[in-house]
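Under this note's numbering, the very last position in the sequence shown is 756; numbers go up by exactly one each time.
Below: the structure, in structure tokens.
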Amino acid sequence: MIAAEDHGQLLVVDRLTKKLEARIDVGDTPGHVIVRGDGTAAVTLRYGNSVAIVDVNQGKVVKQIPVGVEPWGLVELPGGKLAVVLAGEHALAVVDVNAGSVETKIELADRDPRAVALLPDGTLYVSHMATGKLSHVNLKSGHVALVDVTTANPFGPQITAEHLRSLTVDPNTGTVLIAHTEANAQTVRAPIGDPGVPDPSVGGGGENCGYSGCVGTPDLPAATPAITEVDPNTDTVIVPQSQQAQAQDGAAVGGVPADAPIACNAEGCGSFGTSTNPPSVLNPHEARLNGTEVQNPAALALFDGGRGQIVVNLGSKNALLLNRNLNGTAQDVIATVKLGNGAQSIALSDDGATAYVWNQFDLSISEIQLPKIDDKVDGESKFVPDQNGKPVAAPELGVVPELAAKTTVLPIEDKLSPEASIGRKLFHDATDTRISQGAAVSCATCHPNGRNDGRTWQFVFGPRNTPQLGGSILDTAPFHWPGDVATVADLNQMTVLSFMGGTGLDAGSFQYIAAYIDQIRPAPSLAHDRQLTTAEQHGKELFESDATQCTTCHAGRHGTDNLGHDIGSASQSGQFNFSGSDITTFQTPVLHGVARSAPYFHDGRYN
């Protein structure tokens with residue numbers, strides 16, 4: 150069964166024949182579906198603010214239960230109940246399906262909750278999309294503890310977990326695995342190739358590498374894939390250890406200290422005296438990945454009895470098969486599989502031998518026959534062009550086999566316009582060299598679901614907080630905090646060429662991206678379908694009053710006058726600003742989904 154977000158339907162597909170058996174209307178924007186113990190399906194409806202209970206045999210919704218603002222992940226609990234994450238309320242709802250109502254709501258420990266997992270002891274983990282945190286929820290006591298899933302990176306830049314879309318419980322160990330992105334938001338980004346601007350990521354000078362990071366340095370890309378493992382018994386991150394060439398008693402090997410970090414290539418690993426990252430951080434510049442593109446991981450599943458893990462990557466449109474136990478060597482990587490556009494969910498067959506990936510933007514299913522860990526996987530070597538542009542084998546990169554997937558395109562219509570459909574694929578694609586250098590970043594990396602990533606990025610001209618894009622905001626130009634982008638097409642120079650490292654998109658392609666942005670809906674609010682509460686009404690009166698004059702700038706249907714203002718909020722020169730004091734005038738931001746778009750101001754100073 151597939152939750153078809155664009156269609157408001159649950160799709161029932163025969164696993165063996167790949168025939169579409171049924172299309173069941175369920176409601177506005179289905180997000181996550183599970184099969185319950187009684188054979189019915191439960192589906193969250195993100196913009197319908199409810200959960201639909203579906204009798205698949207009858208092909209209809211038998212119960213629709215209002216639960217709260219933007220339900221996302223859900224899991225079945227004992228006694229015919231559901232635990233449902235409410236992203237718009239920062240809460241968890243316990244739903245009694247038989248009664249058709251919410252039994253209780255538990256306030257979570259952070260904002261923007263997304264996925265939920267039932268742990269072996271009956272407690273729950275809830276992921277928070279942008280903040281790199283989990284809420285550990287005890288349903289019996291109602292107690293909620295905040296769990297930080299930051300991975301220590303003592304020999305590299307500080308990294309912060311983000312894009313926590315899914316949680317996978319390992320039934321063998323009871324630990325929880327998260328395929329996600331690590332944000333390197335502390336490294337200053339300078340325009341690519343600008344020799345007049347120092348780039349601290351390479352020691353204060355030299356090549357500027359933008360979001361992709363500099364190959365051959367300790368730097369990390371702005372957004373680096375990772376797999377984080379958490380022990381619910383201690384609420385701590387389990388960091389896998391690298392295989393190191395160390396002598397006894399702290400002696401040196403070849404003049405390099407025995408405790409120095411290591412470098413890995415196709416032959417294995419050895420010390421080289423400069424920083425590396427934990428094996429759980431999948432730095433695309435590392436030789437162990439052999440040039441494999443990995444960007445924006447969205448889902449993970451275990452296979453071969455838990456000895457392997459398959460990671461679905463939305464940005465690089467592929468799946469990466471890895472050994473369960475990572476040690477930083479080339480042996481970590483088993484194979485890759487090409488997928489379609491919009492790949493962001495995975496399910497395994499009952500025998501665990503086959504994986505199925507839903508490619509939402511292509512309306513297709515990829516079927517992958519999973520290997521055994523001990524099997525030798527055949528595949529083609531990676532090739533790189535020589536100075537004449539001809540492909541030659543690159544043995545120093547090793548070999549990453551590429552498995553074939555059987556693709557089935559479902560016979561259903563695309564609900565987006567042709568222009569918006571193309572634009573959505575471009576928006577999420579990190580492999581298009583016109584957009585990104587080395588598949589390091591896509592538009593959706595910083596704007597997941599067309600919203601914001603909750604990050605304040607450091608640039609040589611000052612800190613900049615990521616704005617959200619929902620609410621049909623194309624008529625709010627100029628864009629960017631300084632108001633230096635007159636049209637969407639101007640992002641080609643200001644962002645794609647300067648920081649993403651792409652070769653550049655033509656104006657027509659940007660019109661496709663604009664068509665997609667124009668149909669992105671804002672995050673639902675607490676006052677989605679009701680009259681304002683007394684407190685909310687009082688806030689509205691204050692907002693519109695002569696005393697506050699908020700509407701002087703925050704006017705119109707978008708809450709902005711599209712103008713720049715100096716309100717005394719300029720960032721001061723500091724360790725991240727190499728061009729002196731920042732500018733003093735910034736664009737009035739739109740207010741769509743404002744309660745869901747923290748932090749605030751251009752420099753993210755307010756939470």
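Ideal Cβ placement from N, Cα and C applies to all residues, glycine included.
Residues near residue i in its chain [Cβ-Cβ closer than 6 angstroms; skip 5 each side]
| i | result |
| --- | --- |
| residue 456 | 473, 522 |
| residue 711 | 625 |
| residue 708 | 739, 740 |
| residue 258 | 284, 293, 295 |
| residue 416 | Residue placement at residue 416 cannot be trusted, given a pLDDT of 34 that sits under 50; what the coordinates show is reported in the next sentence. Nothing meets the Cβ criterion. |
| residue 334 | 604, 606 |
| residue 447 | 314, 461, 463, 493 |
| residue 745 | 672 |
| residue 638 | 656, 659 |
| residue 321 | 455 |
| residue 182 | 150, 152, 190, 192 |
| residue 517 | 486, 504, 554 |
| residue 511 | 489, 490 |
| residue 269 | 323 |
Residues near residue i by beta carbon distance below 8 angstroms, same chain, minus five either side
| i | result |
| --- | --- |
| residue 164 | 498, 505 |
| residue 220 | 180, 193, 194, 195, 198, 199, 200, 233, 234, 235, 236, 242 |
| residue 747 | 260, 603, 755, 756 |
Distance between beta carbons of residue j and residue i, contact taken as under 8 angstroms
| i | j | result |
| --- | --- | --- |
| residue 193 | residue 223 | 5 angstroms |
| residue 464 | residue 591 | 5 angstroms |
| residue 191 | residue 202 | 6 angstroms |
| residue 486 | residue 554 | 5 angstroms |
| residue 160 | residue 654 | Between residue 654 and residue 160 the Cβ distance is about 32 angstroms, and since that is not below 8 angstroms, they are no contact. |
| residue 648 | residue 731 | That pair is no contact at about 17 angstroms. |
| residue 297 | residue 281 | 7 angstroms |
| residue 430 | residue 300 | 7 angstroms |
| residue 336 | residue 384 | With a Cβ gap of about 28 angstroms, residue 336 and residue 384 do not count as contacting. |
Residue burial classification, residue i (beta-carbon count within 10 angstroms, cutoff 16)
| i | result |
| --- | --- |
| residue 479 | buried |
| residue 751 | buried |
| residue 408 | Confidence at residue 408 is low in this model, with a pLDDT of 40, below 50, so its placement is unreliable and the value that follows should be read with caution. Result: exposed. |
| residue 261 | buried |
| residue 545 | For residue 545, the predicted model reports a pLDDT of 44, less than 50, meaning its position is unreliable and no value from the coordinates is stated. |
| residue 755 | exposed |
| residue 454 | exposed |
| residue 520 | buried |
| residue 690 | exposed |
| residue 586 | buried |
| residue 578 | buried |
| residue 379 | buried |
| residue 239 | buried |
| residue 783 | This structure cannot settle anything about residue 783, because the visible part of the chain is limited to 150 through 756. |
| residue 716 | exposed |
| residue 158 | buried |
Per DSSP, cross-strand counterpart(s) of residue i
| i | result |
| --- | --- |
| residue 692 | According to DSSP, residue 692 bridges with nothing at all. |
| residue 457 | 452, 472 |
| residue 508 | 492, 513 |
| residue 158 | 153, 174 |
| residue 740 | Paired residue(s): none; residue 740 is not in a bridge. |
| residue 612 | 607 |
| residue 245 | 230, 250 |
| residue 426 | Partner(s): none; residue 426 has no beta bridge. |
For residue i, the first and last residue of its enclosing alpha helix (DSSP H)
| i | result |
| --- | --- |
| residue 277 | Taken as a continuous stretch (DSSP letters only), residue 277 belongs to no alpha helix (DSSP H), being part of the beta strand (DSSP E) at 273–277. |
| residue 340 | Neither: residue 340 is in no alpha helix (DSSP H) and is coded neither H nor E. |
| residue 574 | 567–577 |
| residue 666 | 656–667 |
| residue 593 | 592–595 |
Same chain, Cβ closer than 7 angstroms to residue i, neighbours up to 5 away in sequence not counted
| i | result |
| --- | --- |
| residue 509 | 154, 491, 493 |
| residue 635 | 626, 627 |
| residue 630 | 613, 735, 736, 751 |
| residue 343 | 357 |
| residue 664 | 566, 568, 569, 572 |
| residue 749 | 755 |
Contact with chain D by residue i, beta-carbon distance below 7 angstroms
| i | result |
| --- | --- |
| residue 512 | Within the model displayed, chain D is absent; a lone protein chain is all it includes. |
Continuous beta strand (DSSP E) stretch holding residue i: start and end
| i | result |
| --- | --- |
| residue 127 | Because the chain here runs from 150 to 756, residue 127 falls outside it and cannot be looked at. |
| residue 607 | 605–608 |
| residue 213 | 209–215 |
| residue 718 | No beta strand (DSSP E) contains residue 718, which DSSP labels as neither H nor E. |
| residue 221 | 220–226 |
| residue 326 | 325–332 |
| residue 284 | 282–286 |
| residue 487 | 482–487 |
| residue 188 | Where residue 188 is concerned, there is no enclosing beta strand (DSSP E), given that its DSSP letter is neither H nor E. |
| residue 372 | 372–380 |
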